[in-house]
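Visitor: Protein chains in written order, with the numbering used here: chain A, 45 to 214; chain B, 7 to 428.
Think of the CB as a built atom: it goes at the ideal place given N, C-alpha and C, for glycine as much as any other residue.
#1: Rounding to the nearest angstrom, what Cα-Cα distance links residue 252/B and residue 107/B in this structure?
#2: Residues in the same chain with beta-carbon distance under 6 Å from residue 180/B, minus the five sequence neighbours each way, listed in chain order, please.
#3: The beta strand (DSSP E) with residue 37/B in it runs from where to where?
#4: What first and last residue would you give for the beta strand (DSSP E) that runs through residue 173/A?
#5: Inspect the beta-carbon positions of residue 115/B and residue 165/B and report whether they are closer than 8 Å.
#6: Using 10 angstroms around the beta-carbon of residue 237/B, count the other beta-carbons present and answer buried if the total reaches 16, otherwise exposed.
#7: Checking contacts by CB at 8 Å: is residue 86/A closer than that to chain B?
#8: Note down the Cα distance separating residue 207/B from residue 211/A, rounded to an integer number of angstroms.
#9: Among the residues of its own chain, which have a CB less than 6 Å from the CB of residue 182/B, if the five just before and after it don't count?
#10: If residue 340/B and residue 177/B are in contact, beta carbons under 8 Å, what's the gap, nearest whole angstrom?
#11: Among the candidates 208/A, 49/A, 87/A, 74/A, whose CA atom is the shortest distance from the CA of residue 61/A?
#12: Would the beta-carbon of residue 179/A fall within 8 Å of that of residue 147/B?
#13: Measuring CB to CB, does residue 278/B end up less than 8 Å from residue 271/B?
#14: For the putative contact between residue 67/B and residue 129/B, defined by C-beta atoms under 8 Å, what is the C-beta separation to the nearest angstrom?
#15: Mind checking the region 105-120 of chain A against chain B and listing, in chain order, the residues whose C-beta falls within less than 8 Å of any C-beta there?
#16: Tell me, which residues are paired with residue 127/B by DSSP?
#17: At which residues does the beta strand (DSSP E) containing residue 225/B begin and terminate?
#18: At the level of alpha carbons, what is the spacing between residue 7/B and residue 19/B?
#19: Mark residue 407/B as exposed unless 16 or more other C-beta atoms lie within 10 angstroms of its C-beta, in which case mark it buried.
#20: Any idea if residue 157/B is buried or exposed, counting beta-carbon neighbours within 10 angstroms, 16 or more meaning buried?
#21: Would you kindly report the start and end of the unbroken beta strand (DSSP E) that includes residue 288/B?
#22: Which chain B residues are close to residue 124/A, counting only those with a beta carbon under 8 Å from its beta carbon?
#23: Find the residues of chain A that neighbour residue 188/B, judging by a C-beta separation of less than 7 Å, and give them in chain order.
#24: Expressed to the nearest angstrom, what Euclidean distance is found between the alpha-carbon atoms of residue 309/B and residue 102/B?
#25: In whole angstroms, give me the CA-to-CA distance for residue 274/B and residue 297/B.
#26: Taking only beta-carbon positions, decide if residue 73/A is within less than 8 Å of chain B.
#27: Considering only C-alpha positions, which residue in the set 192/B, 93/B, 226/B is nearest to residue 113/B?
#28: With a CB to CB cut of under 8 Å and the five nearest residues on each side skipped, what residues in its chain are close to residue 359/B?
#29: Closer than 7 Å by C-beta to residue 280/B: which residues in its own chain qualify, once you throw out the five before and the five after it? Chain order, please.
#30: By Cβ distance below 6 Å, which residues in the same chain neighbour residue 42/B in space, the five residues on each side in sequence not counted?
#31: Verify whether the separation of the beta carbon atoms of residue 289/B and residue 85/B is less than 8 Å.
#32: Say whether the region 365-376 of chain B touches the region 306-323 of chain B, bearing in mind that this needs 3 or more beta-carbon pairs closer than 8 Å, one atom from each stretch.
#33: If you follow the beta strand (DSSP E) that residue 137/A is in, where does it begin and where does it stop?
#34: Check the Cβ of residue 251/B against every Cβ in chain A and list those closer than 7 Å, keeping chain order.
#35: Beta-carbon within less than 8 Å of residue 155/B's beta-carbon, same chain only, minus the 5 sequence neighbours each way: which residues are those?
#36: Going straight from the alpha carbon of residue 24/B to that of residue 15/B, what length do you get?
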């Protein structure tokens, strides 16, 4: 065969120095590199926003974990994003205490304000909306997180304020 | 002894958690000094005699669980803290870790000495970002002050503690699934036996304990078994954190003597129901427990008593179902959670939960049929104990089966008229 078509399969990218530094730090906590798989995916996600195929392959090569095994871990956990997300991920708790106190209405409000449903990202890449299982904040329900920040005792007005604050920071 | 709230004595709302120095000045880190003068087996014996039961939900005697560890053989062994608090309606470990992280670290050091662990891991849910920051700070301070690392306080005992943050999966609360996750694998549960105490993390003896359980250890080894026993009401030992969510006047969680009744918790601590709402039923300890009704409010919050009433004490954080909230919708929400969080390893859970969710969706939309009741009853058995690999599906079946017991009229009316709570 003379006309072999070049593979379009994704290839591992180069991990950044900062990523490698943090992964190496995590490696000191465990006797086996495989244990660092999830932490490494989180580190990559922290810097890249999500875990692309190229990032997953890079971690797989770096820690010598078969890509299928690592993909199995990546897809298992709720907080590893295998698709691009917006700059700020809104995690709206939809479990029982928040549901009883009206999280469905809050969700409808966010959807109408930002024009995104669960799993969607705003056109300007500012926000992605994802439901999250019980945030363990039931006495202050309804609750949500934006990135690493927790927002509690929510009302539509509070949500408007939070969204405005993030927009102002951008 | 005047301390009657050993779990929360250092916690004050709005104030930063104690630093190492402040914690020590308040009597902290004494338990290791006391423990190291005893043999590890004797420390284990003290914990066993104290009557401390696991606070994660199962309620098994902690010292007894520890005593299943084989004698040390010089190879690594592990203490793992289950801080993956994801049981719907549960928010007590968040308080302990955010507000007094040194209590957990001290408990871990003393517990690790008892089981002769070489390394301790805290398996923390990733969403608890404040707990993560506070625990990292506390661990670093403990190292700086010679409470962690080589030859702690000049003894020949050495210990390292590391924080592992997870990425959100309820099944990680199952101890063998947690161990798989910590090894970097998918968090499917493992077959038992062997139990983790014998063969756990990387095949080594491993004890997995809940945060609150370990937070009880400093008190027991500082003030003694008799003091701990005296904290409980009647024959009960110690204190525990119980709480309330739902439409009550003052939702929250508080430390109280073991043996306190649900009524005291609901009325004295949580201030009773909000005006205009009445209690219809409650879940006594998380989403995976059977509903109880107002007839059960005078029960003490003790695993055995709650079991006799047909439920489980679970995490002892109760959720109130009020008269303006649809009970079928509540069960549907719980089942949706469990269906989403099923690891998919075994059929009753992977296939049963989405099926139940589908039926409950139909009922909420007014499309339920008479035959669905039979299917739901059948599913409770199909997902029940003995048919599944771990306790996830049997737990999920608990609110479902008890809703069929207490709210059959609601099911009937949903089938006839759809949901009239909307």
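Guide: With the structure as the only source:
#1: Taking the first residue of the second chain as position 1, residue 252/B is located at position 246. Taking the first residue of the second chain as position 1, residue 107/B is located at position 101. Each residue's Cα considered, the two are about 27 Å apart.
#2: Counting from one through the second chain, the residue named residue 180/B turns up at place 174. The answer, listed in chain order, is 195, 396.
#3: Taking the second chain and counting its residues from 1, the one referred to as residue 37/B is at position 31. Per DSSP, residue 37/B belongs to no beta strand (DSSP E); it is in the alpha helix (DSSP H), 36-41.
#4: Here residue 173/A refers to the residue found at position 129 when the first chain is read from its first residue. Where residue 173/A is concerned, the enclosing beta strand (DSSP E) stretches over 171-176.
#5: If you number the second chain from 1, residue 115/B lands on position 109. If you number the second chain from 1, residue 165/B lands on position 159. Yes.
#6: Indexing the second chain from 1 puts residue 237/B at position 231. The residue is buried, with at least 16 neighbouring Cβ atoms inside 10 Å.
#7: Numbered from 1 along the first chain, position 42 holds the residue referred to as residue 86/A. Closer than 8 Å: yes.
#8: The residue given as residue 207/B occupies position 201 in the second chain. The residue given as residue 211/A occupies position 167 in the first chain. In a straight line, the C-alpha of residue 207/B is about 45 Å away from that of residue 211/A.
#9: Sequence index remark: in the second chain, residue 182/B carries index 176 (1-based). Result list for residue 182/B: 195, 196, in chain order.
#10: Within the second chain, the letter at position 334 stands for residue 340/B. Within the second chain, the letter at position 171 stands for residue 177/B. Actually they are not in contact, since the Cβ atoms of residue 340/B and residue 177/B sit about 16 Å apart, beyond 8 Å.
#11: By 1-based counting over the first chain, the position of residue 61/A is 17. Considering only alpha carbons, the answer is 87/A.
#12: Locating residue 179/A in the first chain gives position 135, where the first residue counts as 1. Locating residue 147/B in the second chain gives position 141, where the first residue counts as 1. Not in contact: residue 179/A and residue 147/B (Cβ atoms no closer than 8 Å).
#13: Locating residue 278/B in the second chain gives position 272, where the first residue counts as 1. Locating residue 271/B in the second chain gives position 265, where the first residue counts as 1. No; because the gap between Cβ atoms is not below 8 Å, this pair is not in contact.
#14: As a position in the second chain, residue 67/B is number 61, starting the count at 1. As a position in the second chain, residue 129/B is number 123, starting the count at 1. The Cβ separation is near 22 Å, so there is no contact.
#15: 109, 113, 116, 117, 120
#16: Taking the first residue of the second chain as 1, we reach residue 127/B at position 121. According to DSSP, residue 127/B bridges with 86/B, 168/B.
#17: As a working mapping, residue 225/B is identified with position 219 in the second chain. Not the beta strand (DSSP E): residue 225/B falls in the alpha helix (DSSP H), residues 223-229.
#18: As a position in the second chain, residue 7/B is number 1, starting the count at 1. As a position in the second chain, residue 19/B is number 13, starting the count at 1. Residue placement at residue 7/B is flagged as unreliable, the pLDDT there being 47, under the threshold of 50; a coordinate-derived value is accordingly withheld.
#19: In the second chain, the residue the question calls residue 407/B occupies position 401. Buried, because 16 or more other Cβ atoms sit within 10 Å of the Cβ of residue 407/B.
#20: For the purposes of this step, residue 157/B is taken as residue 151 along the second chain, with counting starting at 1. The residue is exposed, with fewer than 16 neighbouring Cβ atoms inside 10 Å.
#21: For the purposes of this step, residue 288/B is taken as residue 282 along the second chain, with counting starting at 1. Taken as a continuous stretch (DSSP letters only), the beta strand (DSSP E) holding residue 288/B covers 285-289.
#22: By 1-based counting over the first chain, the position of residue 124/A is 80. 173, listed in chain order.
#23: For this step, residue 188/B is matched to residue 182 along the second chain. Within chain A, the residues near residue 188/B are 79.
#24: Counting from 1 along the second chain, the entry for residue 309/B is found at position 303. Counting from 1 along the second chain, the entry for residue 102/B is found at position 96. Roughly 22 Å between the two C-alpha positions.
#25: In the second chain, the residue the question calls residue 274/B occupies position 268. In the second chain, the residue the question calls residue 297/B occupies position 291. When rounded, the distance between both Cα atoms is 21 Å.
#26: Translated into the one-based positions of the first chain, residue 73/A becomes position 29. At least one chain B Cβ lies under 8 Å of residue 73/A.
#27: The residue you call residue 113/B lines up with position 107 of the second chain. Closest by alpha carbon: 226/B.
#28: The count along the second chain starts at 1 and reaches residue 359/B at position 353. Same-chain partners within the cutoff: 341, 344, 345, 348, 389, 399, 402.
#29: Translated into positions along the second chain, residue 280/B becomes position 274. Only 253, 254, 255 meet the Cβ criterion.
#30: Here residue 42/B refers to the residue found at position 36 of the second chain. For residue 42/B, where only same-chain residues beyond five positions count, the Cβ hits under 6 Å are 161.
#31: One-based indexing of the second chain puts residue 289/B at position 283. One-based indexing of the second chain puts residue 85/B at position 79. Against a cut-off of 8 Å, the Cβ pair of residue 85/B and residue 289/B comes out as no contact.
#32: no
#33: By 1-based counting over the first chain, the position of residue 137/A is 93. Here the beta strand (DSSP E) through residue 137/A covers 132-137.
#34: Taking the first residue of the second chain as 1, we reach residue 251/B at position 245. Correct list: 141, 182, 183, 185.
#35: Counted from its first residue, the second chain places residue 155/B at position 149. Answer for residue 155/B: 149, 164, 165, 166, listed in chain order.
#36: Position 18 of the second chain, counting from 1, holds the residue named residue 24/B. Position 9 of the second chain, counting from 1, holds the residue named residue 15/B. Rounded to whole angstroms, residue 24/B to residue 15/B spans 11 Å at the Cα level.
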